[in-house]
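Single-structure report; data block below.
Number of protein chains: 2
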Amino acid sequence: MYATEQASDDLCPPPLTPGAARLLEVASGLFYEQGIHAIGVDTIAEESGVTKRTLYDRFGSKDGLVIAYLQARHAQWWDRLLERLEVADRPRALAVFDAYAADELSSHRGCAFWNAAGELPVNHPAHRVVRAHKHAVRRLLGELIRADAVTEEDRTSVEATADHLFLLLEGAIVQRGLAGDITPVLRARAIAEGLLT
Amino acid sequence: MYATEQASDDLCPPPLTPGAARLLEVASGLFYEQGIHAIGVDTIAEESGVTKRTLYDRFGSKDGLVIAYLQARHAQWWDRLLERLEVADRPRALAVFDAYAADELSSHRGCAFWNAAGELPVNHPAHRVVRAHKHAVRRLLGELIRADAVTEEDRTSVEATADHLFLLLEGAIVQRGLAGDITPVLRARAIAEGLLT
DNA sequence: GCGTAGGTACACTGATCTGTGAAGTCAACG
DNA sequence: CGTTGACTTCACAGATCAGTGTACCTACGC
């Protein structure tokens, strides 16, 4: 089947203690909402009802927490996407667009992965997670298109179609962040639907 | 003609004194390369060979400098784009893709506007500049497609085509940042070419 | 000659940043 | 009973953050 198993360690979060779980949840909200550099470790610890010492004992550094934040974001998103695909009509590639359209949480501040990549230096380990996440989405798109292809012609153009849909999807995601609503995603979905039928 | 005149004050930089010009140039490089929050005003002033006092006398605040940075980026980019369009083959919408492909400077750290929007709070004035910039590009695409349309059918689907190309373009721009090279832009251009002929 | 604009020099504020050290609490487990 | 793991308390380090106050310099236009 398609990529249910994780592509690499870059996307696998470690198991968490209760305090660590709270830290991660709070940090995820604050990082996404305000930006990573804009939030200090003191704030995260305080809002979590946990001491800064615990933060450093669990995650080693702020960077460690950032990595965990992105990994968790991917895992959560990926799980919901796979659930959706289980019950999706063909062509299932459209369900990926639907998933982004249904993700109300991310509509007002855009894509957590793009935001992180944009504000962190290129050699920051978080970049690996972002790359792995985007690669997983692109790969899934290709696999879905291939599996749901009906005509022989469809089967020969799988990769080109996947590239096209992926560009549309990514364009829609960033525009959604600026527009503040999901209309770009719906527009991209409509175009994608036209391409697949 | 198309939008040679600026859409609004959001994109118009003020005239600059020599010191201010140096500050802006240095700040632009550092903001883009490292991120806005990651760079302090002390660093900017020092690298510019200018005192911090001058920075605050000219730009009022760090936020003021950030605004000027994005406005300057837009102005510079827009000028080069218009130059390119003067000598471009039809359909000229493809020249917009070419402009992004030729912009080597932005290939390793993505789009300055997306990066800024991603790390700044939603109510930050810089968001207005980003929105105005993206809106200008989308509008230009529409005007070029309309002006270069050949068949009657083309003319009826101008806005839909412009939306499609804009999504492809934006998708390509963000992917270029992560990939570190311009192949996503070339791919988007090829797809766009197919759509326009 | 006088004002003004652009700039220098530099000390200084008060807040905030990431990260550490040392000692102590508490519950679960063997 | 003893150990281990999760967590607390709290002080503290050393740097960096944006931004200000004061005084002085210089070149140019009127």
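First to last, the protein sequences are chains A and B.
My numbering runs 589 ahead of the 1-based position in the first sequence.
My numbering runs 589 ahead of the 1-based position in the second sequence.
Virtual Cβ for every residue (Gly too), placed ideally from N, Cα, C.
In this text, all values refer to a predicted model and were calculated from it rather than measured experimentally.
Worksheet item: Are leucine 605(A) and leucine 683(A) close, meaning C-beta to C-beta below 8 Å?
Response: The sequence position of residue 605(A) within the first sequence is 16, counting from 1. The sequence position of residue 683(A) within the first sequence is 94, counting from 1. The answer is no: Cβ separation not under 8 Å.
Item to complete: Name, going along the chain, the residues of the region 667–687 of chain B whose beta-carbon falls closer than 8 Å to a beta-carbon of chain A.
Response: Only those residues of the region 667–687 of chain B whose C-beta falls short of 8 Å from the nearest C-beta of chain A would be listed, and there are none.
Discussion item. Please classify valine 676(B) as buried or exposed, where buried requires at least 16 neighbouring CB atoms within 10 angstroms.
Written reply: Counting from 1 along the second sequence, the entry for residue 676(B) is found at position 87. Exposed.
Fill in: Within chain B, the residues that leucine 707(A) reaches when beta carbons sit closer than 7 Å
As a working note, residue 707(A) is residue 118 in the first sequence. Inspection of the sequence shows that residue 707(A) is occupied by glycine rather than by leucine. Going along chain B in sequence order, the residues near glycine 707(A) (Cβ under 7 Å) are Gly699, Trp703, Asn704, Gly707, Glu708.
Worksheet item: Cβ of alanine 725(B) within 8 Å of Cβ of leucine 659(B)?
Response: The residue labelled residue 725(B) in the question sits at position 136 within the second sequence. The residue labelled residue 659(B) in the question sits at position 70 within the second sequence. Contact: no.
Worksheet item: Do we get a CB-CB distance below 8 Å when we pair glycine 624(A) with the residues of chain B?
Response: In the first sequence, the residue the question calls residue 624(A) occupies position 35. Yes - at least one Cβ of chain B is within 8 Å of the one on glycine 624(A).
Discussion item. Do arginine 669(B) and glycine 766(B) have their beta-carbon atoms positioned less than 8 Å apart in this structure?
Written reply: Looking up residue 766(B) in the second sequence gives position 177. Looking up residue 669(B) in the second sequence gives position 80. Pairing glycine 766(B) with arginine 669(B) gives a Cβ-Cβ distance that is not under 8 Å.
Worksheet item: By DSSP, does valine 655(B) sit in helix, in strand, or in coil?
Response: Walking along the second sequence from the start, residue 655(B) turns up at place 66. Correct three-state label for valine 655(B): helix.
Item to complete: Over the uninterrupted alpha helix (DSSP H) stretch that includes isoleucine 625(A), give me the two end residues.
Response: Working through the first sequence from its first residue, we reach residue 625(A) at position 36. No alpha helix (DSSP H) contains isoleucine 625(A), which DSSP labels as neither H nor E.
Worksheet item: Can you list, in chain order, the residues of its chain whose CB lies under 8 Å from that of glycine 760(B), leaving out five sequence neighbours each side?
Response: Reading the second sequence from its first residue, position 171 is the one you call residue 760(B). These residues qualify, in order along the chain: Pro773, Ala777.
Practice prompt. State yes or no: is the beta carbon of arginine 717(B) nearer than 8 Å to at least one beta carbon in chain A?
Written response: Residue mapping note: residue 717(B) aligns to position 128 of the second sequence, counting from 1. So no, arginine 717(B) is outside the interface.
Worksheet item: For arginine 673(A), which residues from the same chain have a beta carbon less than 6 Å from its beta carbon, with the 5 sequence-adjacent residues on both sides left out?
Response: Taking the first residue of the first sequence as 1, we reach residue 673(A) at position 84. If we look at arginine 673(A) and ignore the five residues flanking it on each side, its Cβ neighbours are Ala684, Ala688.
Practice prompt. Taking the CB atoms as reference points, tell me whether alanine 781(B) and phenylalanine 686(B) lie closer together than 8 Å.
Written response: By 1-based counting over the second sequence, the position of residue 781(B) is 192. By 1-based counting over the second sequence, the position of residue 686(B) is 97. With respect to phenylalanine 686(B), alanine 781(B) sits close: the two C-beta atoms are nearer than 8 Å.
Worksheet item: Tell me which same chain residues have a C-beta within less than 7 Å of the C-beta of aspartate 770(B), skipping the five on either side of it?
Response: Here residue 770(B) is taken as the residue at index 181 of the second sequence, counted from 1. Counting only Cβ-Cβ distances below 7 Å, and skipping sequence neighbours, we find Ser696.
Worksheet entry | CB contact below 8 Å: glycine 629(A) versus chain B | Within the first sequence, numbered from 1, the residue matching residue 629(A) stands at position 40. No - not a single Cβ of chain B is within 8 Å of the one on glycine 629(A).
Practice prompt. Between the Cα of alanine 627(B) and those of His713(A), Val718(A), Val739(A), spot the shortest distance and give me the residue it belongs to.
Written response: Locating residue 627(B) in the second sequence gives position 38, counting from the first residue. Considering only alpha carbons, the answer is His713(A).
Discussion item. For glutamate 759(A), would you say it is in contact with chain B, using Cβ-to-Cβ distances shorter than 8 Å as the test?
Written reply: As a first step, residue 759(A) must be located in the first sequence, where it is residue number 170. Closer than 8 Å: yes.
Worksheet item: Looking at C-alpha atoms only, which residue of Ser637(B), Val655(B), Lys641(B), Thr643(B) is the closest neighbour of phenylalanine 620(B)?
Response: To locate residue 620(B), count along the second sequence from 1; it is residue 31. The residue with the shortest Cα to Cα distance from phenylalanine 620(B) is Val655(B).
Item to complete: Please specify which runs of the alpha helix (DSSP H), each continuous and at least 4 residues long, are wholly inside the region 644–711 of chain A, giving them in chain order.
Response: As far as the region 644–711 of chain A is concerned, its whole alpha helix (DSSP H) runs of at least 4 residues are 651–675, 682–691, 701–708.
Worksheet item: Taking just the CA atoms, how far does aspartate 737(B) sit from aspartate 678(B)?
Response: Here residue 678(B) corresponds to residue number 89 of the second sequence, with the count starting at 1. Here residue 737(B) corresponds to residue number 148 of the second sequence, with the count starting at 1. Rounded to whole angstroms, aspartate 678(B) to aspartate 737(B) spans 10 Å at the Cα level.
Fill in: Simplified DSSP assignment, three categories, for isoleucine 771(A)
Walking along the first sequence from the start, residue 771(A) turns up at place 182. Looking at isoleucine 771(A) - three-state DSSP - the assignment turns out to be coil, as it is neither helix nor strand.
Item to complete: Would you mind working out which of Ala661(A), Leu756(A), Phe648(A) sits nearest arginine 728(A), comparing C-alpha positions?
Response: For this step, residue 728(A) is matched to residue 139 along the first sequence. Nearest to arginine 728(A) by alpha-carbon distance, out of Ala661(A), Leu756(A), Phe648(A), is Leu756(A).
Worksheet item: In chain order, what residues of the same chain have a beta carbon less than 7 Å from the beta carbon of leucine 730(B), not counting five sequence neighbours either side?
Response: As a position in the second sequence, residue 730(B) is number 141, starting the count at 1. The beta carbon of leucine 730(B) is closer than 7 Å to those of Ala682, Val685, Ala751, Leu754, Phe755 in its chain, skipping five residues each way along the sequence.
Worksheet entry | Beta carbon of glutamate 708(A) nearer than 8 Å to that of isoleucine 625(A) | Position 119 of the first sequence, counted from the first residue, corresponds to residue 708(A). Position 36 of the first sequence, counted from the first residue, corresponds to residue 625(A). In this structure, isoleucine 625(A) lies closer than 8 Å to glutamate 708(A) by Cβ.
Discussion item. When you compare the CB of lysine 723(A) with every CB in chain B, is at least one pair closer than 8 Å?
Written reply: In the first sequence, the residue the question calls residue 723(A) occupies position 134. Cβ-Cβ to chain B under 8 Å: yes for lysine 723(A).
Discussion item. Closer than 9 Å between beta carbons: that is the criterion. Which residues of the region 732–765 of chain A meet it against chain B?
Written reply: Within the region 732–765 of chain A, the qualifying residues are Ala749, Asp752, His753, Phe755, Leu756, Leu757, Leu758, Glu759, Gly760, Ala761, Ile762, Val763, Gln764.
Worksheet item: Are arginine 611(A) and valine 630(A) close, meaning C-beta to C-beta below 8 Å?
Response: In the first sequence, counting from the first residue as 1, residue 611(A) sits at position 22. In the first sequence, counting from the first residue as 1, residue 630(A) sits at position 41. Not closer than 8 Å, so no.
Worksheet item: Roughly how many whole angstroms lie between the Cα atoms of arginine 735(B) and valine 763(B)?
Response: Along the second sequence, one-based indexing puts residue 735(B) at 146. Along the second sequence, one-based indexing puts residue 763(B) at 174. Rounded to the nearest whole angstrom, the C-alpha separation of arginine 735(B) and valine 763(B) is 26 Å.
Discussion item. 8 Å is my cut-off, CB to CB: does arginine 728(A) come that close to chain B?
Written reply: One-based indexing of the first sequence puts residue 728(A) at position 139. Arginine 728(A) is outside the set of residues whose beta carbon lies under 8 Å from a beta carbon in chain B.
Item to complete: Check proline 604(A) in the structure and name its three-state DSSP category.
Response: Locating residue 604(A) in the first sequence gives position 15, counting from the first residue. Correct three-state label for proline 604(A): coil.
Worksheet item: Which whole-angstrom value is the C-beta distance of threonine 643(A) and glycine 618(A), which I expect to be below 8 Å?
Response: Along the first sequence, one-based indexing puts residue 643(A) at 54. Along the first sequence, one-based indexing puts residue 618(A) at 29. Actually they are not in contact, since the Cβ atoms of threonine 643(A) and glycine 618(A) sit about 18 Å apart, beyond 8 Å.
Worksheet item: List, in order along the chain, the chain B residues whose C-beta lies closer than 7 Å to that of alanine 777(A)?
Response: Working through the first sequence from its first residue, we reach residue 777(A) at position 188. Identification of chain B residues near alanine 777(A) by a Cβ-Cβ cut-off of 7 Å yields Leu756, ordered along the chain.
Worksheet item: Could you give the residue range of the alpha helix (DSSP H) that holds valine 639(A)?
Response: By 1-based counting over the first sequence, the position of residue 639(A) is 50. Boundaries for valine 639(A): no alpha helix (DSSP H) harbours it, and the DSSP string shows neither H nor E there.
Worksheet item: Would DSSP call serine 617(A) helix, strand or coil?
Response: By one-based count along the first sequence, residue 617(A) stands at place 28. Serine 617(A) sits in a helix when the DSSP states are folded into three classes.
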